[in-house]
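Which chain is which? The protein sequence lines are A and B, in order.
With the working numbering, the residue at position 9 of the first sequence is -6, and numbering never jumps.
With the working numbering, the residue at position 174 of the second sequence is 181, and numbering never jumps.
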Amino acid sequence: MTTTTIDARGSYCPGPLLELIAGLKLIEIGDEIEVWSSDMGSVKDIPEWVAKVGHEMGETVEQDGYWSLRIRKSK
Amino acid sequence: MSKRILIVGGGLAGTITANGLCRQLGGALGKGEVSITMLGNTDQHMYQPGLLYIPFGAMRETELFRDQRKVLDRRVNFLLDPATNIDVDGNKVECQSGKSISYDYLVIATGSRIVPEEIPGMAEGAHWFYDLDGARKMRNALAEFDGGKIVVNVNAPHKCPVAPLEISFMLHHHLAKRGLADKTEITYTYPIGRLHALEPVAHWTSAEFDKFGIKSETFFNAKSVDPAAKTIESEEGSTLPYDLLVTIPPHRGAEVIEASDLGAGGWVPTDRYSLNREGSTNVFVVGDTTNIPISKAGSTAHYEADTLVDNLASLVLEGRTARPYDGKVFCFVETGMDTGTYVWFNYETPPNPGPPSKMIHWSKLAYNRLYWLSARGLL
Ligand SMILES: Cc1cc2nc3c(=O)[nH]c(=O)nc-3n(C[C@H](O)[C@H](O)[C@H](O)COP(=O)(O)OP(=O)(O)OC[C@H]3O[C@@H](n4cnc5c(N)ncnc54)[C@H](O)[C@@H]3O)c2cc1C
Chain A
-14 MTTTTIDARG SYCPGPLLEL IAGLKLIEIG DEIEVWSSDM GSVKDIPEWV AKVGHEMGET
46 VEQDGYWSLR IRKSK
Chain B
8 MSKRILIVGG GLAGTITANG LCRQLGGALG KGEVSITMLG NTDQHMYQPG LLYIPFGAMR
68 ETELFRDQRK VLDRRVNFLL DPATNIDVDG NKVECQSGKS ISYDYLVIAT GSRIVPEEIP
128 GMAEGAHWFY DLDGARKMRN ALAEFDGGKI VVNVNAPHKC PVAPLEISFM LHHHLAKRGL
188 ADKTEITYTY PIGRLHALEP VAHWTSAEFD KFGIKSETFF NAKSVDPAAK TIESEEGSTL
248 PYDLLVTIPP HRGAEVIEAS DLGAGGWVPT DRYSLNREGS TNVFVVGDTT NIPISKAGST
308 AHYEADTLVD NLASLVLEGR TARPYDGKVF CFVETGMDTG TYVWFNYETP PNPGPPSKMI
368 HWSKLAYNRL YWLSARGLL
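What follows is the structure in structure tokens.
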């Protein structure tokens, strides 16, 4: 299992969720991505999409001025 | 000894960088203290935003192209010899001809490319305008179209975040002009839960789509296309029928980046402020091929290249860098055949587009012509 970090802090366009979608295309099933986002909206829209599409949400941790969200590619 | 600057890729970012360096390093170039070499894989420079107009016959193909050597300052040594391997440890680049070129400073500007073949059925069942061949085929398909369902399907990642919106508005206006609006239903799909990555643009688009009767489906990432049944299915489990499928295919960086093991998907890990390739002090990355989480757009390429020119010229002349890149992106948005708006933002400042106007549309049309001055570094 490998973990790739996507630092999407300060990204207005494409933004953390689109970066995650693009990143998931480049990793294997079972691998994980940790997205860093300074947009509070990510805490809602990333888990919403992950549930919809059927990947697995790991922990979300509030850091100093940003959130780190862990996602496992499941399909 | 003379300092050798090598630029791989002669698109927008590479060309602005090369021309800008010639201006700032004129004295050193004249004395032979610096040389600038560019490797390209085509001798024709294409104005990519012009592709948007090709399906509608609103721009001639010849207007898209200029001779690459004419767009470049004469002091740039342009070689039509694609890079096949970039060796950042050995400070050299191997080319298709078998030549190996050593450098002191390397600029990677190989852009991005569409990969419709990564979605099963997409290459066979869909149309696109992101390359010339696709835009021509779309022009033919549109000419034959006499009403029905059009799906405009957007995939991640892609360059030019506004082109998907522009093509939707332009399709609507084009078909309305041909008297086909009542017989046509346009559905726009987008990968995330709103109509555009930028929240204010998404908000504004939603109202504009309502005005024109353009439908939409969000959280839609293409999984496959069935060209026989004429349907497109999403990863999220939705299936849409179409008579004409217009897609913004997913993108990757250039093949040479992956072949040289410089970044997954062809995206080179890049420091967002210094534009250095992560792990190299003499390798810089500009334009679409960086992995910086900002829009892959001409304006991004332009602002990054301007920053790099200042930094590289200072490095060569004074051994220091000049300034960090602030993440600036600026985009015109065509909102129909005769109105437009614009939006800008950087790492710190969120976007805030103004109301559409004819004036802004004319500025974009003017920019279509001024592109060549900007590539030459005169704007
Ligand atoms: C339809 C469309 C509409 C667009 N509209 C807009 C717009 O309105 N506004 C905007 O800001 N942007 C727009 N863009 C995006 C813009 O064109 C790109 O973001 C911009 O060109 C990126 O510049 P670049 O130099 O990174 O890449 P490119 O301009 O694509 O240049 C990369 C160059 O590298 C060359 N190359 C690749 N591999 C090799 C190799 N191995 N060896 C040598 N050379 C190589 C390629 O052939 C190419 O010439 C649009 C793009 C499209 C397709």
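A virtual CB, placed ideally from N, CA and C, is assigned to each residue, including glycine.
Taking the beta carbon of residue 211 of chain B as the centre, do at least 16 other beta carbons fall within 10 Å, making it buried, or is it exposed? buried
- Query: Out of B:143, B:127, B:363 and B:291, which has the shortest C-alpha to C-alpha gap to residue 95 of chain B?
  - Reply: B:291
_Buried or exposed for residue 356 of chain B, going by 16 or more other Cβ atoms inside 10 Å?_
exposed
Check your understanding: Is there a Cβ from chain A that is less than 9 Å from the Cβ of residue 310 of chain B?
Key -> no
**Message:** Between which residues of its own chain and residue 103 of chain B is the CB-CB distance below 7 Å, once the five residues before and five after are set aside?
**Reply:** 88, 89 and 91
field: Contact list for residue 205 of chain B against chain A, beta-carbon separation under 7 Å
entry: -3 and -2
| request: Just confirm the distance between the C-beta atoms of residue 13 of chain B and residue 108 of chain B, as a whole number of angstroms; I'd bet it's less than 8 Å. | output: 6 Å
Tell me whether the region 73 to 88 of chain B and the region 18 to 35 of chain B touch, counting them as touching only if at least three CB pairs, one residue from each stretch, are closer than 8 Å. yes
* If you measure from the CB of residue 119 of chain B, is any heavy atom of ligand 1 nearer than 8 Å? -> yes
Requested in this report: Check whether the Cβ of residue 89 of chain B sits closer than 8 Å to any heavy atom of ligand 1, and report yes or no.
Outcome: yes
- prompt: When you compare each of A:53, A:-14, A:60 and A:-12 to residue 24 of chain A by their alpha carbons, which one comes out closest?
  reply: A:53
Neighbour flag for residue 43 of chain A against chain B, beta carbons, 9 Å: no
| How should residue 142 of chain B be labelled, buried or exposed, when 16 other C-beta atoms within 10 angstroms of its C-beta is the threshold for buried? | buried
| field | Check whether residue 160 of chain B and residue 254 of chain B have beta carbons under 9 Å apart | value | yes
Can you list, in chain order, the residues of its chain whose CB lies under 8 Å from that of residue 7 of chain A, leaving out five sequence neighbours each side? -1
message = Only counting the same chain, and skipping five residues up and downstream in sequence, which positions put a Cβ closer than 7 Å to that of residue 9 of chain B?
response = 39, 40, 41 and 42
inquiry  = Please state the DSSP three-state secondary structure of residue 138 of chain B.
reply    = coil
Q.
If contact is defined by three or more beta carbon pairs under 8 Å, each pair taking one atom from either stretch, is the region 266 to 276 of chain B in contact with the region 319 to 335 of chain B?
A. no
- prompt: Heavy atom of ligand 1 less than 8 Å from the Cβ of residue 295 of chain B, yes or no?
  reply: yes
(message) Could you tell me the alpha carbon to alpha carbon distance between residue 295 of chain B and residue 309 of chain B, rounded to whole angstroms?
(response) 11 Å
Worksheet item: Of all the residues that make up the region 17 to 44 of chain A, which are near chain B by a beta-carbon distance shorter than 7 Å?
Response: 30, 33, 34, 37 and 38
Would you kindly report the start and end of the unbroken alpha helix (DSSP H) that includes residue 29 of chain B? 19 to 31
Query raised in the report: When the distance is taken between beta carbons, is residue -8 of chain A closer than 9 Å to residue 57 of chain A?
Result: no
Q.
I'd like to know whether the C-beta of residue 336 of chain B is nearer than 9 Å to at least one C-beta of chain A.
A. yes
Count the other C-beta atoms from every protein chain shown that fall within 10 angstroms of the C-beta of residue 366 of chain B, then say buried if there are 16 or more, exposed otherwise. exposed
Review point. Can you tell me the Cα-Cα spacing of residue 320 of chain B and residue 26 of chain B, whole angstroms?
Key: 12 Å
- Query: Among B:116, B:67 and B:58, which has the Cα closest to the Cα of residue 45 of chain B?
  - Reply: B:116
Original post:
If you measure beta-carbon to beta-carbon, which residues of the region 228 to 242 of chain B are closer than 8 Å to chain A?
Top reply: 228 and 242
Where do the N-terminal and C-terminal ends of the beta strand (DSSP E) with residue 259 of chain B fall, by residue?
-> 258 to 260
* Run of the alpha helix (DSSP H) containing residue 366 of chain B, from where it starts to where it stops -> 365 to 382
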